[in-house]
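The sequence shown begins at 1 in full-length UniProt numbering and counts up by one.
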Amino acid sequence: MERKDQFNYITKSRMLFQQYAVDNYMKVETARLAYIRLNQRELRKERSDILLGDSTGDKSSSGQRIIIPASFVGGPRYMKQRQQDALAFVSQYGSPDFLSPSRLTRNGWK
Numbered sequence: 001m002e003r004k005d006q007f008n009y010i011t012k013s014r015m016l017f018q019q020y021a022v023d024n025y026m027k028v029e030t031a032r033l034a035y036i037r038l039n040q041r042e043l044r045k046e047r048s049d050i051l052l053g054d055s056t057g058d059k060s061s062s063g064q065r066i067i068i069p070a071s072f073v074g075g076p077r078y079m080k081q082r083q084q085d086a087l088a089f090v091s092q093y094g095s096p097d098f099l100s101p102s103r104l105t106r107n108g109w110k
């Protein structure tokens, strides 16, 4: 809700505020990834079943392997975990029904 007697910088700045929000989000993500990269020893202690990679390739050109934990939102292990949760939900409760616009009225549900 916007107050009539006060100037709101957030709504007036529009794209500048969007850029500010994206920049700050990237700062947080960069800090989280830096923490993961710098604390690999502690993170690897928690996970004992790490695959060490391809043993046939040239290890000098492969770089350093960074393990991203499943708690990192957007990482491959996080996405795989969410997919498995969704499949378990569907197997337990069945396929979801789609919302039909014909079931809606002005006052809510029929």
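Here a beta-carbon is modelled for each residue, glycine too, at the ideal position from N, C-alpha and C. This one's a predicted model, so the numbers in the text were calculated from it and none came from an experiment.
Of the candidates D97, M79, Q64 and R82, the residue whose Cα lies closest to the Cα of I36 is Q64.
Residue state for S71 is assigned as coil, using DSSP reduced to three classes. Residue range P76 to Y93 is occupied by the alpha helix (DSSP H) that includes P76.
Going by DSSP, K27 is part of the alpha helix (DSSP H) stretching over M15 to L38. In this structure, P76 keeps its C-beta atom at 7 Å or more from the C-beta atom of L43. In this structure I67 touches Q40 by the C-beta definition: roughly 6 Å separates them, less than 8 Å.
Short of 8 Å from the beta carbon of Y78, and not among the five residues preceding or following it, lie these beta carbons of its own chain, in chain order: A70, S71 and F72. In the three-state reduction of the DSSP assignment, I10 falls in the helix class, which pools H, G and I.
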